[in-house]
Amino acid sequence: MPRMQNFILKAFLAITSGLSTQTLAEDGVPFETAKAIGRRVAWTAPLPGGEVRHAEQFGNQLYLLDEQNFLSSLNLKSGRIMWSVQVTGAESTPDFIHTFAMRRGEGLAAKVTPMVLVGLGSELLKFDGTNGAMTKRVSMDRLPDTNPIEVGNYMVFGTNRGVVQWYNPDLEVPWRAFDCGDAMACDVSTGGDLLVAAARDGGVLCLQSGNGALVWRKKLLGPATGPAAIAGNKVYVASADRYIRCYNHFDSPVAWERLLEGVPAGGPVVAEEDCYVAVPGKGLHAFVAAPRDEPGGVLSWISKKADGQIIAHDGRTLLLHDAEDGVLRVVRRKDGRMSAEVPAGADRFLQTTGPLVAFIGKSGVVGLSKRN
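Following this line, the structure appears as structure tokens:
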């Protein structure tokens, strides 16, 4: 434990000191200043079981499942670990965690309890999110093959048999299901009253999230490279046939499409009036999200050196994480100019409604808040 505390202290000092690069010789992990990406260290939190495998936000809490299968509840404002419990033996490998609100009663008198589901093979383990107590073990007929997403009172996921499944975690019953014909290529995505699923055979389905009704169905020459983006009345899909396409959500005509110079990495990201897609080795591409009468789309700029996944953005900049090179890049939204490139100092990141959370291997997590 003293070694761990010493490591966290060094990490804190390295990030807050303003040094452009800093190597912690004891652990060989490079840290870059939070200042370079417009952040400050709000808190650091070591975890009981090492590296984080799964994380999901619920309100002001972040629920984490680490490699030793400790489920922990962390307060996003203070970084305080509220509780930790080992949900299963260290030799097991849970597939996902999912949070939902369990409601009892009506109106103002209703009692709302946060719940955490841990997917373990053909079973769901249910935990009380307030204290970590296990409340039930539930068997499932259709196994999730993607990370579940929340749609109203349901969690929706793709199964290992290519079915999009609605499941009520409170009542513990399946609801709607839609057969996609093949296993999922990526996680299901949702926006407004729509839900989009992409299969490995290139099929793309647009469904009504409320009742599972089919809106439209398309067949691409390659599978989607990441979850679709849904914004306004448009659906954006990047695929292995090197295209990015924008569909009208209500009747499926292609509003615009563009052949890229390579296979995209991940799905597109839509922020306000812009649509972004990354092409490894070719950089980050920015398009006008909804141009008028431009079947080939409108390319705003290409930032050729800005490889990586967009992990956060605001009105002026994009923050990208290049996991392969282990760096963070800050790119200006108006012209694609890269204003900063610094060592990431973390394996992966999660943008919450509060801080940007950095996962630092076996050492725990760090909360990075925006500077005032």
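Using my numbering, you'd call the opening residue of the sequence shown number 39 and step up by one each time. Quick reminder that beta carbons are idealized off the backbone N, C-alpha and C, glycines included.
Are three or more beta carbon pairs between the segment 271-287 and the segment 301-316 nearer than 8 Å? yes
Assigned exposure category for A396 - 16 Cβ within 10 Å defines buried: buried
Tell me the rounded alpha-carbon separation between P291 and Y281. 15 Å
Residue range of the beta strand (DSSP E) that T391 falls in? Taken as a continuous stretch (DSSP letters only), T391 belongs to no beta strand (DSSP E), as it is neither H nor E.
Comparing C-alpha positions only, which one of E144, A148 and K174 sits nearest to L155? K174
For the 8 Å Cβ check, are there 3 or more pairs between the segment 330-337 and the segment 359-379? no
For the candidate residues G196, K342 and N98, whose alpha-carbon lies nearest to that of G117? N98
Segments assigned beta strand (DSSP E), at least 3 residues, entirely inside the segment 228-283: 232-236, 241-246, 252-257, 267-269 and 272-276
Unbroken beta strand (DSSP E) run spanning C313, endpoints: D312 to V317
Using C-beta distances below 8 Å, list every residue in its chain close to K342, excluding the 5 sequence neighbours before and after it, in chain order. K320 and G321
With distances taken between CB atoms, is the gap from F242 to A251 smaller than 9 Å? Going by the sequence as given, residue 242 is Val instead of Phe. Contact flag unset, no.
Reference A128, options A148, S111 and Q106, closest by Cα: Q106
Please list, in chain order, all residues of the same chain as V369 whose beta carbon is under 6 Å from its beta carbon, the five residues on each side excluded. S341, A344, L356 and M376
Which residue marks the beginning of the beta strand (DSSP E) containing T137, and which one marks its end? F134 to R142
Cα separation between G143 and G229? 29 Å
How is the beta strand (DSSP E) around H287 delimited, first residue to last? From DSSP, H287 is part of no beta strand (DSSP E); its letter is neither H nor E.
Would you give the residue range spanned by the beta strand (DSSP E) that P381 belongs to? M376 to P381
Assign S160 to one of two classes, buried (16 or more other C-beta atoms within 10 Å of its C-beta) or exposed (fewer than that). exposed
Just how far apart, CA to CA, sit E311 and E89? 37 Å
Let me know the secondary structure DSSP gives I75 once reduced to three states. helix
Out of P393, D360, R386 and N410, which one is the CA nearest neighbour of H92? R386
Helix, strand or coil, according to DSSP, for A147 in the structure here? helix
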